[in-house]
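Number of protein chains: 2
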Amino acid sequence: MPLTPFDVDRLVAIITEEVLRAAGGLVVTGRCACHSLHAECCPDLLRGVLDAGASRLGMQASGGPAGSVAGLIDHTLLKPDASQVEIETLCREAAEYHFATVCLNPIWVPLAARLLRGSGVGVCTVVGFPLGATTADVKQFETRRVIFDGATEVDMVINVGALKSGDVRTVHQDIQAVTAVCRAAGVLSKVIIEAALLTDEEKVTACTLSKAAGADFVKTSTGFAKGGATAADVALMRRVVGDSMGVKAAGGVRDLTGAQAMVQAGASRIGASAGVRIVQESRGTTPVGSGAGGY
Amino acid sequence: MPLTPFDVDRLVAIITEEVLRAAGGLVVTGRCACHSLHAECCPDLLRGVLDAGASRLGMQASGGPAGSVAGLIDHTLLKPDASQVEIETLCREAAEYHFATVCLNPIWVPLAARLLRGSGVGVCTVVGFPLGATTADVKQFETRRVIFDGATEVDMVINVGALKSGDVRTVHQDIQAVTAVCRAAGVLSKVIIEAALLTDEEKVTACTLSKAAGADFVKTSTGFAKGGATAADVALMRRVVGDSMGVKAAGGVRDLTGAQAMVQAGASRIGASAGVRIVQESRGTTPVGSGAGGY
Chain A
3 MPLTPFDVDR LVAIITEEVL RAAGGLVVTG RCACHSLHAE CCPDLLRGVL
53 DAGASRLGMQ ASGGPAGSVA GLIDHTLLKP DASQVEIETL CREAAEYHFA
103 TVCLNPIWVP LAARLLRGSG VGVCTVVGFP LGATTADVKQ FETRRVIFDG
153 ATEVDMVINV GALKSGDVRT VHQDIQAVTA VCRAAGVLSK VIIEAALLTD
203 EEKVTACTLS KAAGADFVKT STGFAKGGAT AADVALMRRV VGDSMGVKAA
253 GGVRDLTGAQ AMVQAGASRI GASAGVRIVQ ESRGTTPVGS GAGGY
Chain B
3 MPLTPFDVDR LVAIITEEVL RAAGGLVVTG RCACHSLHAE CCPDLLRGVL
53 DAGASRLGMQ ASGGPAGSVA GLIDHTLLKP DASQVEIETL CREAAEYHFA
103 TVCLNPIWVP LAARLLRGSG VGVCTVVGFP LGATTADVKQ FETRRVIFDG
153 ATEVDMVINV GALKSGDVRT VHQDIQAVTA VCRAAGVLSK VIIEAALLTD
203 EEKVTACTLS KAAGADFVKT STGFAKGGAT AADVALMRRV VGDSMGVKAA
253 GGVRDLTGAQ AMVQAGASRI GASAGVRIVQ ESRGTTPVGS GAGGY
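The listed protein sequences derive, respectively, from chains A and B. With my numbering as the guide, the letters of the first sequence map in order to residues 3 to 297. With my numbering as the guide, the letters of the second sequence map in order to residues 3 to 297.
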């Protein structure tokens with residue numbers, strides 16, 4: 003069976019982690035200019051990973067590699083009144099702690115892409131967020147725009163209203179409008195099903211349609227609905243999508259215990275504004291970082 | 003001084019109300035096919051208003067005209083999990099109670115435009131909602147799309163993050179990207195400043211920029227932030243924009259007393275999910291209607 007782009011991503015991630023571990027704390031910063039995790043658009047990524055390890059030994063003084071937990075986290079700031087200074091802090095923290103990505107609103111993508119160039123941290127943004135109630139062509143336009151601006155990962159919200167109305171065809175087309183553009187550009191796509199608003203049956207439907215539409219991840223929540231991620235939802239979603247997709251738990255993950263519960267349930271990515279706290283807890287240090295508030 | 007489009011709107015509204023009052027309960031359904039309140043694109047609107055009064059006498063049995071309060075209300079349902087059945091109910095109520103518009107998410111605009119054709123009720127929708135954190139070109143694309151689908155009024159959210167960062171130029175360009183398209187299409191534009199997130203100084207700046215960008219209304223809130231409309235905010239906004247623009251109070255207006263307080267403070271439009279309750283209270287009947295919950 004040929005490797006899918008997602009298989010390649012996982013392979014790269016595993017090798018990267020092993021190299022890091024073998025190097026005993028070396029920090030790898032080699033990632034191609036497009037910031038993408040997709041190896042097919044970054045033919046030199048593996049070589050870069052292997053070659054670049056020694057380049058930032060000095061990082062250890064300012065925190066060093068945070069261990070595997072940081073690499074699972076999308077360091078998130080989505081509140082509408084976040085200022086440029088707060089976004090700059092978010093990006094600085096992400097580079098320091100080596101989070102997988104920063105996750106921020108579309109208006110901040112160009113700034114984040116510029117600040118994080120060469121850091122190994124991706125730029126994740128949101129589309130149709132947080133209501134998912136814009137039309138498919140608007141979501142697709144928004145996706146093209148954020149990719150143009152430098153996004154390497156796109157978290158889109160499904161058309162919840164169509165799902166609630168039994169219009170499965172519209173839900174599928176809506177997801178595909180975004181995932182097709184992402185796939186063509188070598189950008190990771192995540193589909194937010196907003197589990198707190200759905201019945202279990204609707205959760206299954208949403209995950210099935212996401213898989214059928216070629217998404218890379220399903221994601222539990224926006225963080226703006228009445229509830230966030232639960233371990234039960236993560237487990238259900240993992241069962242539906244199997245091992246060939248990612249599951250992102252987001253909304254309400256505020257500490258290491260919460261993050262571990264999500265990973266144990268099947269999450270392969272965590273969306274959180276408390277990333278610094280989570281990493282510090284994993285090191286046994288007292289949490290002092292910013293962003294430990296709500297999602 | 004020549005009449006502005008907004009002056010013409012107000013003139014039409016006043017004449018319509020007087021005609022309704024003089025007719026003692028006749029329901030006027032004449033509005034041009036574009037559903038617009040802008041007389042400049044509806045040259046026959048005044049004639050239609052005067053001619054069409056007798057066409058729906060039967061409405062009185064099912065409620066009849068609700069008096070001037072209904073005409074101030076955007077009957078609102080913006081929760082992401084609203085289903086088609088709920089949207090149909092919203093539109094039916096709007097036609098029955100003669101609200102100014104229904105206010106709903108973009109995905110429902112085509113349905114609402116179809117259901118409300120000829121009813122005299124406008125179709126209001128939201129752009130860049132509720133965070134306002136998409137780029138100007140995405141908001142403009144979204145605006146074109148909803149107007150194509152039949153929206154007659156567009157409520158857009160400002161770029162709060164840019165305002166918080168002191169980037170006034172970006173805030174202005176963002177508003178103008180939407181208002182210019184609306185104005186060209188004869189569609190009413192409202193600018194949501196999300197007052198609960200702003201200092202008084204930022205509220206003044208946002209209202210000033212909205213006026214400079216040619217918006218028809220400023221609007222207090224999305225209903226999704228930590229606070230909704232306050233009489234103090236409405237009064238401040240009215241002072242800044244003067245008499246030549248509208249002020250819409252939205253978020254947390256749940257009864258007649260609340261609506262009256264907003265009007266007294268200077269509001270010329272109310273966004274509420276409790277429209278039915280408000281109208282029933284104004285008639286002295288017991289509230290039994292749907293939509294009396296949160297915004």
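Glycine residues also receive a C-beta, built at the ideal position from the N, C-alpha and C atoms.
- Under the three-state reduction of DSSP output, A/ARG116 falls in the helix class.
- B/ALA234 counts as exposed, since fewer than 16 other C-beta atoms from the protein chains shown sit within 10 angstroms of its C-beta.
- Between B/GLY268 and B/ALA237 the beta-carbon gap is near 6 Å, inside 8 Å, which marks them as a contact.
- Per DSSP, the beta bridge partners of A/THR127 are A/LEU106 and A/VAL156.
- Between A/ASP257 and A/ARG279, the C-beta gap is smaller than 8 Å, which places the two residues in contact.
- Residues of the region 100-123 of chain A with a Cβ closer than 8 Å to any Cβ of chain B, in chain order: ASN107, PRO108, ILE109 and TRP110.
- Residue environment for B/ALA187: buried (at least 16 other C-beta atoms within 10 angstroms of its C-beta).
- Under the rule that a run must span 4 or more residues, the alpha helix (DSSP H) segments found entirely inside the region 185-233 of chain B read 202-214.
- Remark: C-beta atoms of B/LEU80 and A/PRO132 do not approach each other more closely than 8 Å.
- If you ignore the 5 residues before and after A/ILE194, its C-beta comes within less than 6 Å of the C-beta of ASP157, VAL159, LYS221 and THR224, all in its own chain and listed in chain order.
- Around the beta-carbon of B/THR127, 16 or more other beta-carbon atoms lie within 10 Å, marking it buried.
- Residues of chain B with a Cβ closer than 7 Å to the Cβ of A/THR154 do not exist; the shortest Cβ-Cβ separation is about 17 Å.
- In the three-state reduction of the DSSP assignment, A/ASP139 falls in the helix class, which pools H, G and I.
- With the criterion set as a beta carbon lying under 9 Å from some beta carbon of chain A, the members of the region 192-217 of chain B are GLU196, LEU199 and LEU200, in sequence order.
- Counted as a single uninterrupted DSSP element, the beta strand (DSSP E) harbouring B/THR78 occupies residues 75-79.
- Looking at B/VAL125, B/ASP139 and B/GLY248, the one whose alpha-carbon comes closest to that of B/PHE150 is B/VAL125.
- Only PRO82, ASP83, ALA84, SER85 and GLN86 from the region 71-103 of chain B bring a Cβ to less than 7 Å from some Cβ of chain A.
- If you draw a straight line from the Cα of B/THR145 to the Cα of A/GLY130, it comes to about 14 Å.
- For B/ALA215, same chain residues with a beta-carbon under 7 Å away, outside a window of 5 residues either side, are HIS174, ILE177, GLN178 and THR181 in chain order.
- If you compare the alpha carbons of A/VAL71, A/GLY277, A/MET239 and A/ALA231 with that of A/ALA198, the shortest gap goes to A/ALA231.
- Using a Cβ-Cβ cut-off of 8 Å, B/ALA135 counts as an interface residue toward chain A, since at least one Cβ of chain A sits closer than that to its own.
- In the structure shown, A/ARG241 adopts helical secondary structure according to DSSP, grouped into three states.
- Between A/LYS213 and B/ALA97, the alpha-carbon positions lie close to 41 Å from each other.
- For the set B/THR207, B/PHE101 and B/ASN107, the Cα lying nearest the Cα of B/SER70 is the one of B/PHE101.
- With fewer than 16 neighbouring CB atoms inside 10 Å of its own CB, A/ARG241 falls in the exposed class.
- No Cβ of chain A is located within less than 8 Å of the beta carbon of B/LYS221.
- DSSP places A/VAL249 inside the beta strand (DSSP E), whose first and last residues are 248-252.
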